[in-house]
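Have a look at the structure below before the remarks.
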Amino acid sequence: PTPPARPVIRQLDEAAINRIAAGEVVERPASAVKELVENALDAGARRVEVTIAAGGKRLIRVKDDGCGMTPEELPLALARHATSKIDGSDLLAIHSFGFRGEALASLGAVGRLTLTSRVTGFEAAAIRVEGGRLGPVTPAALDRGTVVELRDLFHATPARLKFMRSDRAEGQALAEALRRLAMAEPHVAFSLRDATEGRDREIFRVDAETGDPVEALGNRLAAILGREFHDNALPVDGSREGLHLTGFAALPTYSRGAGVSQHVFVNGRPVTDRQLTGALRAAYMDYLSRDRFPAAALFVECEPHLVDVNVHPAKSEVRFRDPQAVRGLIVSTLRAALSGAGHRASTTVAT
Ligand code: ADP
Ligand code: MG
């Protein structure tokens, strides 16, 4: 028998590389929305409007009033590893959500993407990309900011398309991702509309909060997590070793069983971190039985070099230089707030 042909090494083309990378960056419509809204926030937007159809599978449109891009920049924005946010010299000094320069290239590889943008003093322009192939830059009509329109997500990757859940489930995950981003940006207005089959239904909307940071955050959390959470939560504030913690944590009487809202943000970035939620739990140890979970929205701020955000392409995980210090900060700040509220906790009716 003839031996099997020896495999040859070949360089993949750009489109294939982008599709592979897209698998990590864009898992489902919710991750596409996260990337696009983070771009809008990085661009300094004050208003972010999201429109979807079929749970984001048919259409995701994100419109912002941020700084925009010039016509010449449009093709570059869609190129892989092209970013305006870092110069590559210091990966530990990241002040923006983005820095990998991958999201738009990835989205353009797995969906039909149109980018329309305008910088004050320039003409508005648009560019289309499909299957990783860029079209020409064309004149467009837009008064300011950027509109990214993503249609037919994963049409180019049928395997991934099969993993999509129902329109309803994808739409809910997407709305959840947007709400989470909105929690950390009280001064920005957000809206989500459903335009499936010519409909135009508002799914949710939060107006920009004014006022001091604690009040603005409180109002935004009330709008997203509910008045009840806000009325049963304590503002927290603590610092140590260059780390700062703010946010709101629920009174023990407002605890829940499984499925509770626990939201942790690091430098404005929503993160999923077992250690951080573990610290939250530890803080409530004396107040809650094992089957109860405290609702909280916590915001850790620190110098960028104290935390590595370049752990995973979706950037939902972070690594602290000193995890014990973060844990200590959360536990001590929450305990201080809870013990100070002891009298309130005992007079609040459990819900
Ligand atoms: P990253 O956000 O990591 O830089 P992206 O692929 O998400 O990578 O975006 C590439 C570049 O396109 C950004 O660095 C930015 O300069 C530009 N860009 C993307 N979205 C917007 C937007 N909504 N407004 C202005 N510029 C944008
Ligand atoms: Mg980005």
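In full-length UniProt numbering, the protein residues as written are 9 to 359. We treat Cβ as the ideally placed atom computed from N, Cα and C, and that holds for glycine.
Range covered by the alpha helix (DSSP H) that runs through residue i
{"i": "P166", "result": "P166 to K170"}
{"i": "Q283", "result": "R282 to A291"}
{"i": "S39", "result": "P37 to D50"}
{"i": "Q19", "result": "From DSSP, Q19 is part of no alpha helix (DSSP H); its letter is neither H nor E."}
{"i": "P221", "result": "P221 to L233"}
{"i": "D175", "result": "D175 to M191"}
For residue i, the first and last residue of its enclosing beta strand (DSSP E)
{"i": "D245", "result": "A241 to R248"}
{"i": "A134", "result": "A133 to E138"}
{"i": "Q332", "result": "Where Q332 is concerned, there is no enclosing beta strand (DSSP E), although the alpha helix (DSSP H) it sits in stretches over P331 to G348."}
{"i": "V272", "result": "Q270 to V274"}
{"i": "V214", "result": "R209 to V214"}
{"i": "S199", "result": "A197 to D202"}
{"i": "T124", "result": "R120 to R126"}
{"i": "V155", "result": "G153 to R159"}
{"i": "G255", "result": "L251 to A258"}
{"i": "E309", "result": "A304 to C310"}
{"i": "T59", "result": "R55 to A61"}
{"i": "V70", "result": "L67 to D72"}
{"i": "residue 373", "result": "There is no way to answer for residue 373, as the model of the chain reaches only from 9 to 359."}
Among the options, the one whose alpha carbon lies nearest that of residue i
{"i": "T280", "options": "L259, A305 and T261", "result": "A305"}
{"i": "A231", "options": "L242, A216, D220 and P221", "result": "A216"}
{"i": "G139", "options": "R298, D160 and V156", "result": "D160"}
{"i": "E178", "options": "S39, A13 and V58", "result": "S39"}
{"i": "V156", "options": "L169, L115 and R173", "result": "L115"}
{"i": "M191", "options": "P37, A117 and N275", "result": "N275"}
{"i": "V127", "options": "L100, G74 and F162", "result": "G74"}
{"i": "D294", "options": "E193, P260, G219 and H163", "result": "P260"}
{"i": "Y262", "options": "Y292, L284 and V56", "result": "Y292"}
{"i": "R141", "options": "D239, A13, S92 and P83", "result": "P83"}
{"i": "K323", "options": "F130, E46, K170 and L342", "result": "E46"}
{"i": "R36", "options": "P166, T10, F107 and R277", "result": "P166"}
{"i": "R168", "options": "A117, H195 and P194", "result": "A117"}
{"i": "G348", "options": "A241, T10, G234 and R108", "result": "A241"}
{"i": "D316", "options": "V58, I60, S104 and R14", "result": "S104"}
{"i": "S297", "options": "D21, E325 and R264", "result": "R264"}
{"i": "L44", "options": "C310, D21 and L182", "result": "L182"}
{"i": "R188", "options": "F273, G234 and R235", "result": "F273"}
{"i": "E210", "options": "D239, I60, I17 and V222", "result": "I60"}
{"i": "D208", "options": "V58, P9, V34 and A13", "result": "V58"}
{"i": "R55", "options": "P194, H313, L314 and A101", "result": "P194"}
{"i": "K65", "options": "R18, V34 and I94", "result": "V34"}
{"i": "S247", "options": "K93, T341 and F130", "result": "T341"}
Whole-angstrom C-beta distance between residue j and residue i, which should lie under 8 Å
{"i": "L337", "j": "L251", "result": "5 Å"}
{"i": "F256", "j": "G226", "result": "7 Å"}
{"i": "A134", "j": "T124", "result": "4 Å"}
{"i": "A53", "j": "G153", "result": "7 Å"}
{"i": "L186", "j": "V41", "result": "6 Å"}
{"i": "V214", "j": "A290", "result": "Actually they are not in contact, since the Cβ atoms of V214 and A290 sit about 32 Å apart, beyond 8 Å."}
{"i": "V244", "j": "T254", "result": "7 Å"}
{"i": "A29", "j": "E110", "result": "6 Å"}
{"i": "Q270", "j": "F301", "result": "7 Å"}
{"i": "A303", "j": "F237", "result": "6 Å"}
{"i": "G96", "j": "H163", "result": "In fact, because the Cβ distance is near 33 Å, the residues do not count as touching under 8 Å."}
{"i": "L121", "j": "L158", "result": "5 Å"}
{"i": "Q283", "j": "R335", "result": "7 Å"}
{"i": "D175", "j": "G63", "result": "4 Å"}
{"i": "A101", "j": "P321", "result": "A101 to P321, Cβ: 20 Å. No contact."}
task = Evaluate contact between the segment 73-90 and the segment 131-151, counting only Cβ atoms and requiring at least three cross-stretch pairs below 8 Å.
result = yes
task = Answer yes if the segment 88-100 comes into contact with the segment 13-33, meaning at least three C-beta pairs across the two stretches below 8 Å, and no otherwise.
result = yes
request  = Count the CB pairs spanning the segment 59-75 and the segment 203-213 that are closer than 8 Å, and state whether there are at least three.
outcome  = yes
query = Could you give the uninterrupted runs of the alpha helix (DSSP H) lying entirely in the segment 76-117, keeping only those of 4 residues or more?
reply = 81-85
query = Are at least three pairs of beta-carbons, each pair with one atom in the segment 326-336 and one in the segment 43-60, less than 8 Å apart?
reply = no
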